[in-house]
Every structure is written in structure tokens, then in C-alpha cells.
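Asker: Got a structure here, written out as C-alpha cells. Questions coming.
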Amino acid sequence: MVWLRRCTHYLFIVVVAVNSTLLTINSGDYIFYTDWAWTSFVVFSIANTLMTVVGAVYYLTFTGVPGTATYYGLIMQVYTWVAKVAWFALGYPVDFIVHPMWIPSCMLLDLAYWATKKNKHSLIFFGGVLVGMSMPLFNMVQLMLIADPLETAFKYPRPTLPPYMTPIEPQVGKFYNSPVALGAGAGAVLACTFAALGCKMNTWTYRWMAAWSKWD
Amino acid sequence: MVDKKFLAVAVSAIFVLGMYGPNVAEIIQSAEAHGVQAQLQSRFIQIQNEAITRQSLTTGETLVLSGTLVSLVERDQRGWISLFSESTNSGNRWEIMARDPPGVVFEIPGNSITNYAITAKALEPGVYHVHTQLNVANVGPGLGPGTTVVVDGEAIIKPIPYGMLAYQSIIILAAYVIVFATRPWQVI
Numbered sequence: 092m093v094w095l096r097r098c099t100h101y102l103f104i105v106v107v108a109v110n111s112t113l114l115t116i117n118s119g120d121y122i123f124y125t126d127w128a129w130t131s132f133v134v135f136s137i138a139n140t141l142m143t144v145v146g147a148v149y150y151l152t153f154t155g156v157p158g159t160a161t162y163y164g165l166i167m168q169v170y171t172w173v174a175k176v177a178w179f180a181l182g183y184p185v186d187f188i189v190h191p192m193w194i195p196s197c198m199l200l201d202l203a204y205w206a207t208k209k210n211k212h213s214l215i216f217f218g219g220v221l222v223g224m225s226m227p228l229f230n231m232v233q234l235m236l237i238a239d240p241l242e243t244a245f246k247y248p249r250p251t252l253p254p255y256m257t258p259i260e261p262q263v264g265k266f267y268n269s270p271v272a273l274g275a276g277a278g279a280v281l282a283c284t285f286a287a288l289g290c291k292m293n294t295w296t297y298r299w300m301a302a303w304s305k306w307d
Numbered sequence: 019m020v021d022k023k024f025l026a027v028a029v030s031a032i033f034v035l036g037m038y039g040p041n042v043a044e045i046i047q048s049a050e051a052h053g054v055q056a057q058l059q060s061r062f063i064q065i066q067n068e069a070i071t072r073q074s075l076t077t078g079e080t081l082v083l084s085g086t087l088v089s090l091v092e093r094d095q096r097g098w099i100s101l102f103s104e105s106t107n108s109g110n111r112w113e114i115m116a117r118d119p120p121g122v123v124f125e126i127p128g129n130s131i132t133n134y135a136i137t138a139k140a141l142e143p144g145v146y147h148v149h150t151q152l153n154v155a156n157v158g159p160g161l162g163p164g165t166t167v168v169v170d171g172e173a174i175i176k177p178i179p180y181g182m183l184a185y186q187s188i189i190i191l192a193a194y195v196i197v198f199a200t201r202p203w204q205v206i
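Here the protein sequences come in this chain order: A and B.
The working numbering puts the first residue of the first sequence at 92, with every later residue one more than the last.
The working numbering puts the first residue of the second sequence at 19, with every later residue one more than the last.
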């Protein structure tokens, strides 16, 4: 059964790599040269939170070893740099290329699993809330460390920018005033559900592997 | 029971329409398919007397693009002005050094004539067609007629956010420490 276990694991690594790269590439497009950086931040914080939590919880329960979620986050984070380099190669200023920070939230997930002696329900509730609330905060640091996207857009005009992305003036605050609070609030609630989904996927995987083991 | 011949004809008709329908539709509407936004903008505010100080320069040198904005409408408008350049190379090619009228977004009074000037530094070599780009709030962007500009020299690199790179690198380093301490791959 070792071969099946390892194949499942390698398949998982590939899926993580592809997903994190694609998600970063797509989220990047909404930050470049627009006045919606903080608006898209909410959407992509939630999307990244859910993707991380479901994968990390699945992987964590698959191995049963605290530290696996950090390993998962590290893989995503390193692959994210591929997307970063791809955008840079297309000629975008490095200052625009913001990508999600997964690692610190994954560390918290490991901590919740380890501190509750590998309790699955604690992982879902405490881990889910910790990831959902922390990820927008760690991503906020990313956005605060770069030059203002709108200012950069005015300073470095992008000749091939499509007209619908042409910045006019900042729109932050038009619909809501605290993107981080909104992302953290929605993320904390939704992440628990997705953590539970991760656990359930793990159960299904083990059942599937058990069904295969009859050939041994 | 539906007649088989009828069914065959209906399926063929759907098939043919599916293949050629979009092409036919494109032919019919092509007269108004392109440049709607730019034309709309030029009916509000026109870019006239566009002039450029130089057509050949080296990276790091500046050029000034100037002209007048002629408002054709009663209402005051808000807009911002920039460069639009076309070329075969990709990359971020210009850095705006100064704008006149100053600031980012400025008022264009109704029925007025406003002089403008954009000073831009060339960042990347290439052959460009440089236009004035005027973006009017709630209307859209429009372009001036444009001029060919040749830029020589080494490309100038854009600013690098070292703070953000350090933030990511430190966290990635911490993750490596945890991962090698726990070695999750040993249980796979």
C-alpha cells in the first residue's frame, strides 16, 4: 500500500503547485494598475483562505503529523514565486506583484492540531478560525509593504492596459471601509466549513485506499 | 414518434447555425464593434495640436508631450492625462516625471481650452508610437494622433520592494526550520 499512499501524496503536491500558481496569477491581475487593490484583497483573501485551509487540513490529517500544514504552506508559497517571476517577466513592476502569504496561517493550523493532541474537531473549529482571521492580516502586511498601486500606475503608465482597467481615482471606502475586518470575519466563518471538508476528504481518501488494499 | 427526416434537418440546421452564426453576426455588427470608448471620449474632449520635443533619445533621457484639450461640452469634466505607447517589446517603458496641469486628476471646465504637457523618462529601448492618452471620468480613455519615437541604450530597472521580499523570505526560512524539524515526508 505504500505505493498508493505515495502516489496520492505526489498527486497532491502537483495539485497544490498548480493551484497556488494559478490563483496567484489571477489575483495579481486585479491588483496591477488599478484602484481596486484593497477591494480585490477581500475577495482573494477569502479565496486563498479557503483553498489553504481545505488542503492543509486534508494533508495534516492524511499524515497525522503536526508540521505538515507548514510543509503544505511552504510548497504553496515557493510556487507562488513562479507566478511572481512570470508577471515580472511580462514587464510589470515588482512593486505590483503581491501574492498571498500562506505559511504563517498554516503554522497556526499546525499549532492548533498539536496543542489539542490531534483532536479533529478542535482542528476544524480552532484551526479554522485561526486561519480565517490571520490570513487577511498577513496579507495586509504584503500590501502595506509595496508602493501604492494607484500611484505606481500613474507614475509608470502601462501602454497595453485595457481601457476598463484604466485607473481614475481611489475607490477604497466606496463600498466598505475595512477590507481586513471584512476578509477576516468572512474568512473565519467559512474556513471552519472548509476545514471540515478537508477532514471529510481525508476520510474518503483512506476509505478509497482501504478498498484498493484488498488487492494486496 | 418524431419523423427521422425532420430530426435530421433540425439537427443539421442547429449544427450549421452554430458554426456560421457567430461569423454572420460579426459581419453584421462590425461597423460599431471597435473603438467605441475612444470615439465617445473625442466627442466630449478633443486632443489637439499634439507635439513632441524629440523623436530620438537614450534611456534615462526625457521627452515632453504637449498639446491642448478642447472641451466640446457644457459640463465640467474630471480626467487624468498619460502616455500611451505601442511597440513590439513588452515591459514598462516610461516613467512620468511631471504633469501639467499638475496632480493626478484635474478639472476640465466646460467649453474650455486647456494646455497640457507630460514629461516622461524613457526606461527601455525600442521603437514606439507614442500618443497622448486622456482619461475622462465616467467617459473613458481617448488618444492623440501620436508620433514615432526611437529609444536607444540600456534598459533601466524598475524599483524593487526589498521590505516585501525580506518579509516573505524570513517567513519562508521559518517554515523550512519547522518542516525540517518535523520531517512530514517521512510518514508518507
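Don't be surprised by glycine CBs; every beta carbon is placed ideally from N, CA and C.
Source: prediction; values computed, not measured.
Looking only at its own chain, which residues have a Cβ that is under 6 Å from the Cβ of D239 of chain A, when we skip the five neighbours before and after it?
Answerer: Excluding positions up to five away in sequence, the list is empty.
Asker: Under three-state DSSP, which class holds V208 of chain A?
Answerer: Correcting the residue type first, residue 208 of chain A is Lys in the shown sequence and not Val. K208 of chain A falls in the coil class under three-state DSSP.
Asker: Just mark G181 of chain B as buried or exposed, buried being the case when its beta carbon has 16 or more other beta carbons within 10 Å.
Answerer: So G181 of chain B counts as exposed.
Asker: Any C-beta of chain A within less than 9 Å: which residues of the stretch 185–196 of chain B qualify?
Answerer: Answer set for the stretch 185–196 of chain B: Y185, Q186, I189, I190, A192, A193, Y194, I196.
Asker: Less than 8 Å between the C-beta atoms of A193 of chain B and I104 of chain A, yes or no?
Answerer: No, the Cβ-Cβ distance between A193 of chain B and I104 of chain A is not below 8 Å.
Asker: A31 of chain B by DSSP, collapsed to three states: which one?
Answerer: Looking at A31 of chain B - three-state DSSP - the assignment turns out to be helix.
Asker: Give the range of the beta strand (DSSP E) segment to which N133 of chain B is assigned.
Answerer: Per DSSP, N133 of chain B belongs to the beta strand (DSSP E) from 131–140.
Asker: Relative to the C-alpha of V88 of chain B, which candidate in B:E142, B:W98, B:S60, B:W112 has its C-alpha closest?
Answerer: Nearest C-alpha to V88 of chain B: B:S60.
Asker: Do W203 of chain B and N153 of chain B come within 8 Å of each other at the CB atom, strictly closer than that value?
Answerer: Going by C-beta atoms, N153 of chain B is not nearer than 8 Å to W203 of chain B.
Asker: Where in the stretch 156–200 of chain B do unbroken runs of the beta strand (DSSP E), each at least 3 residues long, occur, reported from the N-terminal end onward?
Answerer: Here the runs fully enclosed are 158–161, 165–170.
Asker: Rounded to whole angstroms, what is the Cα-Cα separation between G121 of chain B and S84 of chain B?
Answerer: Answer to the nearest angstrom: the Cα atoms are 16 Å apart.
Asker: Kindly say whether P179 of chain B, judged by its beta-carbon, lies nearer than 8 Å to any beta-carbon of chain A.
Answerer: Interface residue, yes.
Asker: Alpha helix (DSSP H) containing G276 of chain A: first to last residue?
Answerer: That run of the alpha helix (DSSP H) goes 270–303.
Asker: Would DSSP call Q72 of chain B helix, strand or coil?
Answerer: Note that residue 72 of chain B is Arg in the sequence shown here, rather than Gln. Three-state result, R72 of chain B: coil.
Asker: Decide yes or no for the touch test of the stretch 130–141 of chain A against the stretch 172–184 of chain A: beta carbon pairs closer than 8 Å, at least 3 of them.
Answerer: No: the two stretches stay apart, fewer than three of their Cβ pairs being nearer than 8 Å.
Asker: Using the DSSP secondary-structure output, state which residues sit across from T150 of chain B in a beta bridge.
Answerer: T150 of chain B is bridged to B:L101.
Asker: Name the chain A residues whose beta carbon is nearer than 8 Å to that of E113 of chain B?
Answerer: Result: K246, Y247.
Asker: Which residue from B:N129, B:V169, B:S100 puts its Cα closest to that of V123 of chain B?
Answerer: Minimum Cα distance to V123 of chain B is reached at B:S100.
Asker: Counting C-beta neighbours from all protein chains within 10 Å, is the total for K305 of chain A 16 or more, i.e. buried, or is it exposed?
Answerer: Classification of K305 of chain A: exposed, given that the 10 Å Cβ count is below 16.
Asker: Could you check how far apart the C-beta atoms of C283 of chain A and G219 of chain A are, in whole angstroms? I think they sit under 8 Å.
Answerer: Between G219 of chain A and C283 of chain A the Cβ distance is about 3 Å, and since that is below 8 Å, they are a contact.
Asker: On the three-state DSSP scale, how would you describe H52 of chain B?
Answerer: Confidence at H52 of chain B is low in this model, with a pLDDT of 42, below 50, so the placement of that residue should be treated as unreliable; the coordinate-derived value is given next. Coil at H52 of chain B, not helix or strand.
Asker: Along the chain, where does the alpha helix (DSSP H) that runs through A116 of chain B open and close?
Answerer: Note, A116 of chain B: premise wrong, no alpha helix (DSSP H); beta strand (DSSP E) at 112–118.
Asker: I'd like to know whether the C-beta of M182 of chain B is nearer than 8 Å to at least one C-beta of chain A.
Answerer: It does: the Cβ of M182 of chain B has a partner Cβ on chain A nearer than 8 Å.
Asker: Starting from F124 of chain B, follow the beta strand (DSSP E) in both directions and report where the run begins and ends.
Answerer: From DSSP, the beta strand (DSSP E) with F124 of chain B extends over 124–126.
Asker: Tell me which same chain residues have a C-beta within less than 7 Å of the C-beta of R117 of chain B, skipping the five on either side of it?
Answerer: Here the set comprises I99, I136.
Asker: Among A:K208, A:M192, A:Y170, which has the Cα closest to the Cα of M224 of chain A?
Answerer: Selected option, being the one with the closest Cα: A:M192.
Asker: Is the stretch 125–136 of chain B touching the stretch 183–191 of chain B, taking contact as three or more C-beta pairs under 8 Å?
Answerer: No: fewer than three Cβ pairs fall under 8 Å.
Asker: If you check the beta carbons only, do L199 of chain A and L151 of chain A fall under 8 Å apart?
Answerer: No.
Asker: Can you pull the chain A residues whose beta carbon is under 8 Å from the beta carbon of S100 of chain B, in chain order?
Answerer: Residues of chain A passing the Cβ test: F245, P248.
Asker: Let me check one thing: in DSSP terms, what residues is Q64 of chain B bridge-paired to?
Answerer: In the DSSP output, where bridge partners are listed per residue, Q64 of chain B has B:V88.
Asker: Of all the residues that make up the stretch 151–171 of chain A, which are near chain B by a beta-carbon distance shorter than 8 Å?
Answerer: Listed by position along the chain: T154, G155, V156, P157, G158, T159, T161, Y162, G164, L165, Q168, V169.
Asker: Which same chain residues end up closer than 8 Å to E9 of chain B when comparing Cβ atoms and leaving out the 5 residues on each side of it in sequence?
Answerer: As displayed, chain B neither begins before 19 nor continues past 206, which places residue 9 of chain B out of reach and without an answer.
Asker: Relative to the C-alpha of A286 of chain A, which residue among A:V148, A:L95, A:L113, A:P248 is closest?
Answerer: Selected option, being the one with the closest Cα: A:V148.
Asker: Would you say A138 of chain B and I174 of chain B are within 8 Å of each other, going by their C-beta atoms?
Answerer: No, the Cβ-Cβ distance between A138 of chain B and I174 of chain B is not below 8 Å.
Asker: Find out if the Cβ-Cβ distance for the pair V271 of chain A, L228 of chain A is shorter than 8 Å.
Answerer: Their beta carbons are under 8 Å apart, which means V271 of chain A touches L228 of chain A by this criterion.
Asker: Report back the beta-carbon spacing between F153 of chain A and T296 of chain A to the nearest angstrom; my notes put them in contact at under 8 Å.
Answerer: 7 Å between Cβ atoms; contact.
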